[in-house]
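Report on the following structure.
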Amino acid sequence: MKISHPVALALAAAAPLAAAAEPSDLQALLTSRTQELYDAVALGVRAPWQRYYADDCLYSDEKGQKMDKAGLVASIVPLPPGFSGQIKVVEVDFRNFGDTAILSYALDETESVFGQLQKARYHEIDTWRRQAGDWRIESAQVMRFYADPPASPYPPTHPEDYIGSYRLGPGKTLAVSVSSGRVILTRSNRQQVPLLLESGDLFFAAGVEGRFLFRRAADGRVDALIQRRNNEDMVWLRQPSPGR
Numbered sequence: 494m495k496i497s498h499p500v501a502l503a504l505a506a507a508a509p510l511a512a513a514a515e516p517s518d519l520q521a522l523l524t525s526r527t528q529e530l531y532d533a534v535a536l537g538v539r540a541p542w543q544r545y546y547a548d549d550c551l552y553s554d555e556k557g558q559k560m561d562k563a564g565l566v567a568s569i570v571p572l573p574p575g576f577s578g579q580i581k582v583v584e585v586d587f588r589n590f591g592d593t594a595i596l597s598y599a600l601d602e603t604e605s606v607f608g609q610l611q612k613a614r615y616h617e618i619d620t621w622r623r624q625a626g627d628w629r630i631e632s633a634q635v636m637r638f639y640a641d642p643p644a645s646p647y648p649p650t651h652p653e654d655y656i657g658s659y660r661l662g663p664g665k666t667l668a669v670s671v672s673s674g675r676v677i678l679t680r681s682n683r684q685q686v687p688l689l690l691e692s693g694d695l696f697f698a699a700g701v702e703g704r705f706l707f708r709r710a711a712d713g714r715v716d717a718l719i720q721r722r723n724n725e726d727m728v729w730l731r732q733p734s735p736g737r
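Structure (structure tokens):
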């Protein structure tokens with residue numbers, strides 16, 4: 494995860510572990526510590542990560558990469574020149590089960606890369622356990638919220654090229670039409686899905702992960718609609734129409 498937030502260099506000092514908190518104060522304590530972790534990353538300050546994660550912890554980031562404590566702490570390095578920003582812990586949910594606590598929250602990231610603004614949202618679930626008189630993270634799972642790409646400000650060049658029926662398999666077809674220059678996908682249950690242009694022959698549906706790519710044959714004609722998600726393709730073959 495790209496994490497960036499300028500913080501005081503005082504974070505580098507390893508503060509002594511706090512005494513065990515009462516349950517009524519525990520959510521605030523763990524939320525504060527979580528924010529401290531993310532505040533420390535921009536400068537590559539490893540002390541909070543060394544302090545708050547258990548020695549036998551399990552950590553999985555939003556890319557599916559798994560790390561133990563040594564790998565996690567080693568991954569904390571300062572941001573390069575030209576990078577700055579912040580990340581905030583928000584929308585916290587909390588559960589306490591004796592010596593175990595679960596903290597679920599969103600992370601709002603805003604980053605400047607040589608003056609260009611970048612934003613992202615993540616969701617994380619941490620399992621804290623009280624051991625040796627204090628609370629440490631035993632496991633953490635990070636996920637990234639899906640976000641649509643920017644839609645092209647220009648209309649499709651030749652939307653009429655896409656009009657037709659496309660078949661995935663027996664009884665599984667969809668139709669593509671054009672209305673006022675907009676490409677509309679109609680499923681077999683008559684659900685209509687407007688497609689938004691990303692670039693060229695590449696489209697997406699608002700709020701739906703993945704892309705729709707109209708494939709062109711060697712002669713330039715569209716011969717298939719590729720439904721792509723997580724780099725896996727389903728190919729809907731274009732069906733012959735009268736006169737073709």
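Here the working numbering is used: the first residue of the sequence shown is 494, the next is one more, and so on. Glycine residues also receive a C-beta, built at the ideal position from the N, C-alpha and C atoms. Bear in mind that the values here come from a model prediction, so they are computed numbers and not experimental data.
Does residue i pass the burial test, meaning 16 or more other C-beta atoms within 10 Å, or should it be called exposed?
i           : result
residue 710 : exposed
residue 556 : exposed
residue 598 : buried
residue 528 : buried
residue 699 : exposed
residue 738 : Examination of residue 738 is not possible in this model, given that the chain is present from 494 through 737 alone.
State the Cα-Cα distance for the pair residue i and residue j, rounded to the nearest angstrom.
i           : j           : result
residue 518 : residue 601 : 24 Å
residue 532 : residue 725 : 37 Å
residue 626 : residue 706 : 56 Å
residue 482 : residue 596 : The chain is shown only over 494 to 737; residue 482 falls outside these bounds and no answer can be derived.
residue 708 : residue 733 : 15 Å
residue 697 : residue 643 : 10 Å
residue 563 : residue 693 : 45 Å
residue 612 : residue 579 : 10 Å
Compare the beta carbon distance of residue i and residue j with 9 Å and say whether it is the shorter of the two.
i           : j           : result
residue 731 : residue 670 : no
residue 584 : residue 639 : no
residue 686 : residue 652 : no
residue 610 : residue 617 : no
residue 536 : residue 565 : no
residue 551 : residue 632 : yes
residue 629 : residue 545 : yes
residue 624 : residue 567 : no
Run through DSSP, which three-state label would residue i get?
i           : result
residue 612 : strand
residue 532 : helix
residue 596 : strand
residue 617 : strand
residue 541 : helix
residue 624 : strand
residue 522 : helix
residue 555 : coil
residue 650 : coil
residue 564 : helix
Let me make sure I understand the geometry here. Which of the options has the alpha-carbon closest to that of residue i?
i           : options            : result
residue 727 : 676, 661, 697      : 661
residue 592 : 621, 717, 567      : 621
residue 615 : 554, 642, 683, 698 : 554
residue 521 : 563, 582, 699, 648 : 582
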